[in-house]
Structure formats: structure tokens, C-alpha cells
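See below for the structure under consideration.
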Amino acid sequence: MNRAFQHRSLAVALWLFGVAALVFAMVVVGGVTRLTDSGLSITEWKPLAGAIPPLNHADWAKEFANYQRIPEYQQINRGMTLDEFKGIFWWEWAHRQLGRLIGLAFALPFLVLLVLRKIPRRLVWRCLGLLALGGLQGAIGWWMVSSGLADRVDVAPERLAIHLGMALLIFVLLVWTGLEALSGRERSRPPAGWARASAAILALVYVQALLGALVAGSDAGMVYNDWPRMNGAWLPPVDWSKGPLAFLHDQALVQFNHRIGAYVVLIAVTLYAVRAFTARMPEAVKAGAVGLAVLVWGQATLGVLTLINAVPLPLGALHQAGAVAVLAAATFGLWRILRLEERLFSPGIGSRGR
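Residues 1399 to 1752 in my numbering are what the sequence shown lists, from first letter to last.
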């Protein structure tokens, strides 16, 4: 029997990919929650009891009364009806409920697979780490929400970015660990230059997603809705009185940084795809690089359309989903490169000489 098969588990791979799909959905629902200004509609953190929504008029009146005490209601939504409140409540409840579902979908199969000894030994600690990150993410979510309950009318953009960043990190690790479970533990001597380039692409995509979170957190997509200029100017009218916090809170600068990040990712991925297409390397790797470039160009186009239309809900949600899809493709691209022998590549991007 091939020793590699002793370290593979289709069941574990399918489980991890399934949880990754739920995290994908969670990120999209979180984006919709932000776009509909629903994130502060539930003002208490009840990890278990909060799974049960209001069941009668008295319960709804209590939830609405809690919401009426926070600055968002008093300064932005004063006069909101109970029915209007229900509309935003259900989005936030669905977001939290999906988080609970993800926790169960990870923890219960993990315990079963662990008892049945189906998880490859080298992946047990990784799965335990993912479980810990999931618990931490729940705490980060409440930390984010709490920032908008006292002195602000929304959550702090930097906390939103951290919350999204953790979700995307968990997503990447789920996909990566699932691929490891699917393929076995073979190791190779990958081309160093291509590995570094692919890792840089993944890092750029991840950072760009965080810049997008700052745009969402500061509502920066609702202003400067022309392109390629910003209200007719090439440089943003930054309010530098905020000091270093301008990079987190100033709408013009936050949006400008996200635009620049998009250009950097677009150029880097395009050059990478062109170089891969013309190099001697496995056809599957070439196809992956070109596919990533197609995704990035589609995401960039969608970003422009979302901006010039002032972030309508369908485009905003689709743009968020596109970011996760690009991240998944970049993750798979790096994982695939790291499992290929250098001899399969032509000299290029930092290849070792012989």
C-alpha cells in the first residue's frame, strides 16, 4: 500500500471543505449585515440563549427597547418602527446563528472523527488550532459590536477589519488543511522563486480584503463615487487632523488605499499569470494562474461597478463574495506550487541554478 494513502482522509477533507463553505457564506452574510446597518440591532452577547429569537410581542418590545438606548438609534434611526427594527434584527440574528452553526459543524464532526481515528495524526493539532480560532472569532465579533454601543453610531472600522481578517484566516486554513487531508503527506522541492511569488500574491489578496473592510467600516464606498478620479481629483482630500487614525477612519484616504491596493493586486496577478503561461510548468498550474487572473479582473470590474453605483446591496454582497473566491484561488495556487518538484519548471522567478 502506498504510504501516502495512510495519511489521507476523504471524509476529513469533505468535512473541512464543508465548514469552509459555511465560513464563505458567513462572510457574505456579514457583508449584508453591514450594508443593511443591522450589526448593532442585538445589543447583548448570549452565545447560547441568543440562539432563540423573540417569540412574542413582549420579547420583541424588550429587544427594541435595548436598541433604542444606543447611539445608532438615537442619532440615526430615531422614529424607527418595530417592524423596521425586525428587518435589521433578523440579519444580525442570522449572522450570529450561522456562527453557531459553524461552531457545531466543526466541533461535533471533529470529535467523532477523532474518536474513530479518521483524522491523520499530523492534522489533529491543526484542527484543534482551528477550533480555538473559531472560539476566538466569536469573542472578536462581540468586541467589534461593543465598540458601537456606547460612544459611536457604528462599529470601529479597525475592529471590523480584524473580525473579517480572522474569518478569512480561518477560511484559508480550512481550505489548506482540507487539501492536506485530501492529498496525503508527500513533500517536494518546489521552485523557490515561484513559491515566493505565489505567497506574495496570497498576502496581497489578503491585505486588500482588509483594506476593503476598512472601506465598509467607514462607509467610504458611499462617497467619491466616480472613477478613476475621486470627485474629479486624482488624490484624495484627506483630513489629516485625525493623525495616523486617518488611515483607518478618513473616508477619502481609506477608499484611496483600497483603490491602490486593487491596482497592485491586479498588476501583480496579471504579470504572474503571463509569466506562468509562457513558462515550462505543468498545464494545471498554468490554468490555475490564468484562472486567478480572470477572477481578479472580474473582481476589479465588479469593484468599480459597486463604487460608481454607491454600493447597492446585490453588488456589495457579490463583491464581498468575489473577494473570498479570489482568496480561495490564491490559497490553492500557493498550495499547489509547494507540492511540485522544481524539475517540472523552466528557469524563472528566482529558480535555483544547476
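Note that beta-carbon positions come from the ideal geometry of N, C-alpha and C, so glycine has one too.
In this text, all values refer to a predicted model and were calculated from it rather than measured experimentally.
Each of 1736, 1424, 1639 was checked against the Cα of residue 1589, and the nearest Cα belongs to 1736.
Closest option to residue 1719, judged by alpha-carbon separation, among 1734, 1733, 1701, 1706: 1701. The continuous stretches of alpha helix (DSSP H) do not include residue 1473, and DSSP gives it neither H nor E. At the C-beta level, residue 1625 and residue 1668 stay beyond 9 Å of one another. The C-beta of residue 1662 has fewer than 16 other C-beta atoms within 10 Å across all chains shown, which makes the residue exposed.
Counting along the chain, the unbroken alpha helix (DSSP H) around residue 1712 starts and ends at 1711-1735.
Taken through DSSP and simplified to helix, strand or coil, residue 1631 comes out as strand. In the structure shown, residue 1706 falls within a helical segment according to DSSP collapsed to helix, strand and coil. When only Cα atoms are considered, residue 1566 and residue 1728 end up about 12 Å apart. The shortest CA-to-CA distance from residue 1555 to any of 1490, 1734, 1645, 1615 is the one to 1615.
Taking all protein chains in view, the Cβ of residue 1639 is surrounded by fewer than 16 other Cβ atoms within 10 Å, so the residue is classified as exposed.
Sequence-distant Cβ neighbours of residue 1634 in its own chain, meaning closer than 6 Å and more than five residues away, are 1628, 1650, 1651, 1654.
With contacts defined as CB atoms closer than 9 Å, residue 1715 and residue 1421 fail to qualify as a contacting pair. Contact check for residue 1670 against residue 1581 fails: the beta carbons are separated by 9 Å or more. About 6 Å separates the beta carbons of residue 1427 and residue 1496, which is inside the 8 Å limit, making them a contact pair. By the neighbour-count criterion, in which a residue is buried when 16 or more other Cβ atoms sit within 10 angstroms of its Cβ, residue 1489 is buried.
The C-beta of residue 1637 has fewer than 16 other C-beta atoms within 10 Å across all chains shown, which makes the residue exposed. The residue among 1407, 1433, 1564 with its C-alpha nearest the C-alpha of residue 1713 is 1433. In this structure residue 1523 is exposed. Its beta-carbon is surrounded by fewer than 16 other beta-carbon atoms within 10 angstroms.
With a beta-carbon spacing of about 6 Å, residue 1465 and residue 1439 fall inside the 8 Å limit used to define contacts.
Residue 1731 sits away from residue 1664, with the two beta carbons spaced by 9 Å or more.
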